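Just so you know, the sequence shown maps onto residues 1379 to 1439 in the numbering used here.
One structure is given here, and the rest of the page talks about it.
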Amino acid sequence: MLDSTTWTNVEREQFPYYFNRREKRKKELLAHWSKIEKEWDDELAQIQTELPKSPKEAEQK
């Protein structure tokens, strides 16, 4: 019920604290997820652009 997408503006005005806090938390979570996605993208790009090593090079390490 609280997370219903059918809230009207009147209902939002009745409970401004709840909705403002919820919107703020949603923005925080989206910012956090965008950082995680960027790190994943960077890591995948690094893996995909790294050339496979020959067996001799792997033995030296």
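Even glycine gets a Cβ: it sits at the ideal position worked out from N, Cα and C.
All values reported here derive from a predicted model rather than from experimental measurement.
Boundaries of the alpha helix (DSSP H) in which K1413 is found, first to last residue: For this step, residue 1413 is matched to residue 35 along the sequence shown. Note, K1413: alpha helix (DSSP H), P1394 to T1427.
Inter-residue spacing [alpha-carbon to alpha-carbon] between L1408 and P1394: Within the sequence shown, residue 1408 is the residue found at index 30, counting from 1. Within the sequence shown, residue 1394 is the residue found at index 16, counting from 1. Computed Cα separation, rounded: 21 Å.
Integer Cβ distance of R1403 from F1397, believed to fall under 8 Å: Numbered from 1 along the sequence shown, position 25 holds the residue referred to as residue 1403. Numbered from 1 along the sequence shown, position 19 holds the residue referred to as residue 1397. With a Cβ gap of about 11 Å, R1403 and F1397 do not count as contacting.
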